[in-house]
Amino acid sequence: MSDRRLTLGARVDEVIRRHGEETYPHECCGALVGRGDGVTDAVALPNTTEEGPRRRFLVRPSDYRLAEQRATELGGELLGFYHSHPDHPAKPSQYDLDHAWPTFAYVIVAVAAGASQAMTVWFLKDDRSIFEEGSLQHGENSHPDPAQTVHG
Amino acid sequence: MAKILIPTPLRPYTDKQDAVDASGTTVGELLADLTRRHSGLKAHLFNDQGKLRSFVNVYVNDEDIRYLQKEQTPVNASDTVSIIPSVAGGVDTVEDVRRSDLGRLGEPLTNDEVKRYSRHLIMPEVGVDGQRKLKASKVLCIGAGGLGSPVAMYLAAAGVGTLGIVDFDTVDFSNLQRQILHGTPDVGRPKLASAKDKLHALNPEIDIQTYEVALSSQNAMQLFEPYDVIVDGTDNFPTRYLVNDACVLLGKPNAYGSIFRFEGQASVFATKDGPCYRCLYPEPPPPGLVPSCAEGGVLGVLPGLIGVIQATEAVKLIMGIGEPLIGRFLIYDALRMRFRELKLRKDPDCPVCGTHPTVTKLIDYEQFCGITPAAPEPAAVNHATEITSVELKQRLDRGDRPRIVDVREPNEYQINRIPGSELIPLGDVPKRYGELNPDEEIVVHCKMGGRSAKAADFLRSVGFKRVLNLKGGILDWIDKVDPSQPKY
Numbered sequence: 000m001s002d003r004r005l006t007l008g009a010r011v012d013e014v015i016r017r018h019g020e021e022t023y024p025h026e027c028c029g030a031l032v033g034r035g036d037g038v039t040d041a042v043a044l045p046n047t048t049e050e051g052p053r054r055r056f057l058v059r060p061s062d063y064r065l066a067e068q069r070a071t072e073l074g075g076e077l078l079g080f081y082h083s084h085p086d087h088p089a090k091p092s093q094y095d096l097d098h099a100w101p102t103f104a105y106v107i108v109a110v111a112a113g114a115s116q117a118m119t120v121w122f123l124k125d126d127r128s129i130f131e132e133g134s135l136q137h138g139e140n141s142h143p144d145p146a147q148t149v150h151g
Numbered sequence: 000m001a002k003i004l005i006p007t008p009l010r011p012y013t014d015k016q017d018a019v020d021a022s023g024t025t026v027g028e029l030l031a032d033l034t035r036r037h038s039g040l041k042a043h044l045f046n047d048q049g050k051l052r053s054f055v056n057v058y059v060n061d062e063d064i065r066y067l068q069k070e071q072t073p074v075n076a077s078d079t080v081s082i083i084p085s086v087a088g089g090v091d092t093v094e095d096v097r098r099s100d101l102g103r104l105g106e107p108l109t110n111d112e113v114k115r116y117s118r119h120l121i122m123p124e125v126g127v128d129g130q131r132k133l134k135a136s137k138v139l140c141i142g143a144g145g146l147g148s149p150v151a152m153y154l155a156a157a158g159v160g161t162l163g164i165v166d167f168d169t170v171d172f173s174n175l176q177r178q179i180l181h182g183t184p185d186v187g188r189p190k191l192a193s194a195k196d197k198l199h200a201l202n203p204e205i206d207i208q209t210y211e212v213a214l215s216s217q218n219a220m221q222l223f224e225p226y227d228v229i230v231d232g233t234d235n236f237p238t239r240y241l242v243n244d245a246c247v248l249l250g251k252p253n254a255y256g257s258i259f260r261f262e263g264q265a266s267v268f269a270t271k272d273g274p275c276y277r278c279l280y281p282e283p284p285p286p287g288l289v290p291s292c293a294e295g296g297v298l299g300v301l302p303g304l305i306g307v308i309q310a311t312e313a314v315k316l317i318m319g320i321g322e323p324l325i326g327r328f329l330i331y332d333a334l335r336m337r338f339r340e341l342k343l344r345k346d347p348d349c350p351v352c353g354t355h356p357t358v359t360k361l362i363d364y365e366q367f368c369g370i371t372p373a374a375p376e377p378a379a380v381n382h383a384t385e386i387t388s389v390e391l392k393q394r395l396d397r398g399d400r401p402r403i404v405d406v407r408e409p410n411e412y413q414i415n416r417i418p419g420s421e422l423i424p425l426g427d428v429p430k431r432y433g434e435l436n437p438d439e440e441i442v443v444h445c446k447m448g449g450r451s452a453k454a455a456d457f458l459r460s461v462g463f464k465r466v467l468n469l470k471g472g473i474l475d476w477i478d479k480v481d482p483s484q485p486k487y
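Protein sequences appear in the order of chains D and V.
All residue numbers for the first sequence refer to numbering that gives the first Met the number 0, where the first residue is 0 and numbers rise by one.
All residue numbers for the second sequence refer to numbering that gives the first Met the number 0, where the first residue is 0 and numbers rise by one.
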C-alpha cells in the first residue's frame, strides 16, 4: 500500500465512470488534471491502440502533448491517467506495470457487462518492481472553479 | 550542449526542472549524458537490456527519432530534444502472463545449491536472484542429438530447474562422434534413457522430463505449453518450421541453432518484438536441395560450439541479462574460425508473426516442406532399371561380370566398397562417361540409391542401353550380402 492518496472531485468520478461505460467493451483512457493530490478534471483522450481496444489502451505522444497543454489551460498540472478494465478487476496488469511512468497516478475503473464497478488508484514504485495501491478519496469541494470543469 | 525537455512524471528526477542541458552529438550520447547527470532517470527510460523503453518517445524538434536515425540521430546546440511519453496499459492477456513468468524467482536456494552454484552467485549479474530464476525456469530441448547434447548438459549444470527433452531415436555408433550425452555402452539404448542417466549424474537437483515422441502438429502446443524457453536442436526443415510456428503461436522464445559440415548458425526467434525463422526463410528449400548431416556430414566439435551458444542465450533470456541474439543471425565458419552477424528484421508480412498472420494454427509441415509421405515400397523390383543386392551377388557368383560403377565420393569409397567396382563420383559422370561402353551392361550404386538413380538417368539420356541402379545402395549390400564391411 502506498501512502499516497488521490482525491477526485465528485464530477470527475462520474466522468470517468461514464466514459468507461460508453466505450465498453473497449477500454477508455484519459488524463487527470489538478493540483497536489486533488483531481479537478478528467480529460477524455482517444484510445489509439492497434493491439485490440478490448484489452489495451494507448495514449499516443501527440495526445500526451495535448493533455499537458490542456492541463496548463485549466490552470493545473498533469497528475496522471485513468483507464478502464472491461470485465476485469480494477487491478493493474503486468502490461500496465511494464508501461508505467513514475509519479503519475493511475486510476483504473472496472466495467462489468457495461456497468462501472470498483475504482482504484495506483502508483509505480520507484524501482519499477510493482504498483502500490493509493487511497482514493472523493472530495466535495475539489473544484476550485466549476467553470473550468471539462467533461470528457 | 542541447536542451532536453523533460515530461511531468520524470521531473522529480531532474530537481523539478522541465528542461535540462546535456552534451553529445547524437541523441544516444545526449541521453547517456542525461542519465549520468540525473541517474534516477535511467530505469525509467531504458530497459534491462539498455534499450529505450517502447513507450518512451524521443523527438528532435518535431520529429520522432524512430523516423530519423534513431539513437544515431545527430543533434546540435540549436535543436530541442523532447522526451514524450506514450501512456499504455490494459488487462493481461495469456501471453503477458507467460512472458512475465520468465524470470520469476522461485524457491530460495538450499545450502547444497549455494555450494554447487557458487561461481554464479559471486557474479553480481547473476547473484542469488539470477540463480533462483534459473531454478524456477523450464526449458524444453527439441532433440537429444548433436545440438541437444551440449544444450542439455550445460543447462543441467547451470541449474535450470526443469529440463524437458523430446526425442524418439536410439543411440547409434555414428552418433558418438559428436553427441556427447551418449557413450559407447549406450549404443542401442533410447537416447532419452542415456540422456537421463548422464544429466542426473551431472546434477541430481534438477527435474528432467523426457518425452519419447516424434514432435508433431498434434502434440507440439501441449508439449511446449509448460515451458519458458524452447531450444531447437532439430536436423530437418519440417520440424524446424513446426518449432518456429508453435513458439510464435504460444509467445515462447526459440533459441535456434543449426549445423552442417563446417558451418553453424544461431539466433533467438519468436520473442515479442523480434523476428521469427519465417521472417528469414518464409519458404523451405525444395526437398533434397539442402542435404542433412547424415548425407553431407558434420564436423564433430561443431554442434558443441553452436549448442553452447543456444544454451547461453537460454540462460540470458531466463535471467534477463545481456544483449540477446534477437534480430541477429550468427553464422560461424569452423574452417576459417570466423563469426559473421546478419541483421534480421521482423517482417510485417510474415505469415505467422506479421501484422495479418495467415498461419494461426499448426499446419502439415511435411506437406509444407514438399515431403510426401513415403509410398509403400513396391514389392517387385523394376527389372528394366533396378537390381537388388541379392540378385547382383547371384549374378556375380554365376560368373556374370557387369561393370559396377560406384558414384560416391573418394572418402566414402575408402570406407567400404563392392569388390570389382570402380569409382566415378556423381559430379564427374558427365565428363567421364566416355570411359564406359554404352552397349555394355552397367550397375551403378551409391550409399543408399539416391545419387546412383541420378547417374543412371544421366547415362540413359546419353544413349546407354542397359543401366541398372543397385536398390538400397551399398548399405543394402552390406546388410544382405557382405556383413563383414563397416557401415557409415
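Ideal placement from N, C-alpha and C gives every residue a C-beta, glycine not left out.
Model, not experiment: these values are computed from the prediction.
1. At which residues does the beta strand (DSSP E) containing D:A30 begin and terminate?
2. Can you find at least 3 beta carbon pairs, one from the region 18 to 34 of chain D and one from the region 66 to 81 of chain D, that sit closer than 8 Å?
3. Roughly how many angstroms separate the alpha carbons of V:Q48 and D:I107, rounded to a whole number?
4. Going straight from the alpha carbon of V:G321 to that of V:L474, what length do you get?
5. Measuring only between beta-carbons, confirm whether V:I317 sits less than 8 Å from chain D.
6. How about V:K446 and V:R407: are their beta carbons less than 8 Å apart?
7. I'd like to know if V:G89 contacts chain D, where contact means its C-beta is closer than 8 Å to some C-beta of that chain.
8. With distances taken between CB atoms, is the gap from V:V86 to D:Y94 smaller than 8 Å?
9. By how many angstroms is the C-alpha of D:I129 removed from the C-alpha of D:R59?
10. Quick check on V:E365: does DSSP put it in helix, strand or coil?
11. Quick check on V:V74 - is its C-beta less than 8 Å from some C-beta in chain D?
12. Counting pairs of Cβ atoms below 8 Å between the region 127 to 139 of chain V and the region 277 to 290 of chain V, do you hit three or more?
13. Any Cβ of chain D within less than 8 Å of the Cβ of V:T169?
14. Using a C-beta cutoff of 8 Å, does D:D36 count as contacting chain V?
15. For V:E385, which of helix, strand or coil comes out of DSSP?
16. Which value, in whole angstroms, describes the spacing of the CA atoms of D:E132 and D:V14?
17. For V:E211, collect the residues of the same chain with a Cβ closer than 6 Å to its Cβ; drop the 5 residues on either side in sequence, then sort them by chain order.
18. Could you give the residue range of the alpha helix (DSSP H) that holds V:W476?
19. Taking just the CA atoms, how far does D:F103 sit from V:V57?
20. Run through the region 55 to 133 of chain V for me and flag every whole beta strand (DSSP E) of 3 or more residues, listed as ranges in chain order.
21. Do we get a CB-CB distance below 8 Å when we pair V:V351 with the residues of chain D?
22. Residues of the region 51 to 71 of chain D in Cβ contact with chain B at a cutoff of 9 Å, in chain order, please.
23. Identify each residue in the region 42 to 60 of chain V for which the Cβ-Cβ distance to at least one residue of chain D is less than 7 Å, and report them in chain order.
24. So with Cβ pairs under 8 Å, would you call V:T359 a contact of chain D?
25. Is the CB-CB distance between V:G250 and V:S257 below 8 Å?
26. Could you tell me which whole beta strand (DSSP E) segments of length 3 or greater appear in the region 414 to 485 of chain V?
27. Using the three-state DSSP reduction, which class does D:R3 fall into: helix, strand or coil?
28. Tell me whether D:Y81 sits in a helix, a strand or coil according to DSSP, three-state version.
29. In whole angstroms, what separates the C-alpha of D:D36 from that of D:L5?
30. Since V:P225 meets chain D, which of its residues come closer than 7 Å, beta carbon to beta carbon?
31. With a CB to CB cut of under 8 Å and the five nearest residues on each side skipped, what residues in its chain are close to V:L180?
32. With a threshold of 8 Å between beta-carbons, can D:D2 be considered close to chain V, or not?
33. Of the residues V:P418, V:V442, V:D438, V:K453, which one's Cα is nearest the Cα of V:G426?
34. Once you ignore the five residues that flank V:F534 on each side, which residues in its own chain have a CB closer than 6 Å to its CB?
35. According to DSSP, is V:G295 helix, strand or coil?
36. Terminal residues of the continuous beta strand (DSSP E) containing D:S115?
By the coordinates alone:
1. Per DSSP, D:A30 is one residue of the beta strand (DSSP E) stretching across 28 to 34.
2. Yes, they touch.
3. For V:Q48 and D:I107, the gap between their C-alpha atoms comes out near 30 Å.
4. Spanning the two alpha carbons is a distance of roughly 49 Å.
5. Not one chain D Cβ lies under 8 Å of V:I317.
6. Yes, they are a contact pair.
7. Interface residue, yes.
8. No. Outside cutoff.
9. It is roughly 24 Å from the alpha-carbon of D:R59 to the alpha-carbon of D:I129.
10. Note: V:E365 maps to helix in three-state DSSP.
11. No, because no Cβ of chain D sits closer than 8 Å to the Cβ of V:V74.
12. Touching, no, given that fewer than three Cβ pairs across the two stretches are closer than 8 Å.
13. V:T169 has a beta carbon lying at 8 Å or more from every beta carbon in chain D.
14. Output row for D:D36: interface = no.
15. Strand, per DSSP.
16. Between the alpha carbons of D:E132 and D:V14 lies a gap of roughly 21 Å.
17. Cβ neighbours of V:E211 beyond the five flanking positions: F167, L191.
18. DSSP places V:W476 in the uninterrupted alpha helix (DSSP H) bounded by 472 to 479.
19. Looking at the two C-alpha atoms, the distance is approximately 19 Å.
20. DSSP assignment within the region 55 to 133 of chain V yields the following whole beta strand (DSSP E) runs of 3 residues or more, N-terminal first: 55 to 59, 79 to 84, 86 to 89.
21. Answer no: the Cβ-Cβ gap between V:V351 and chain D never drops below 8 Å.
22. As a matter of chain content, chain B is missing from the structure shown, whose protein chains are D and V.
23. Taking 7 Å as the Cβ-Cβ cut-off, the region 42 to 60 of chain V approaches chain D at A42, H43, F54, N56, given in chain order.
24. Against chain D, the CB of V:T359 has no partner CB under 8 Å away; the residue lies outside that interface.
25. No, the Cβ-Cβ distance between V:G250 and V:S257 is not below 8 Å.
26. Correct list: 440 to 444, 465 to 469.
27. DSSP places D:R3 in coil when its eight states are reduced to three.
28. The answer is strand: DSSP assigns D:Y81 an E or B state.
29. Distance between the alpha carbons of D:D36 and D:L5: 5 Å.
30. Neighbours of V:P225 on chain D: none; closest Cβ ~19 Å, over 7 Å.
31. Correct list, in chain order: A143, G147, S148, A151, M152, K190, S193, A194, K197, L198.
32. Contact of D:D2 with chain V is not assigned, every C-beta pair being separated by 8 Å or more.
33. The residue among V:P418, V:V442, V:D438, V:K453 with its C-alpha nearest the C-alpha of V:G426 is V:K453.
34. Nothing in the structure corresponds to residue 534 of chain V, since chain V is present only between 0 and 487.
35. The answer is helix: DSSP assigns V:G295 an H, G or I state.
36. Going by DSSP, D:S115 is part of the beta strand (DSSP E) stretching over 114 to 123.
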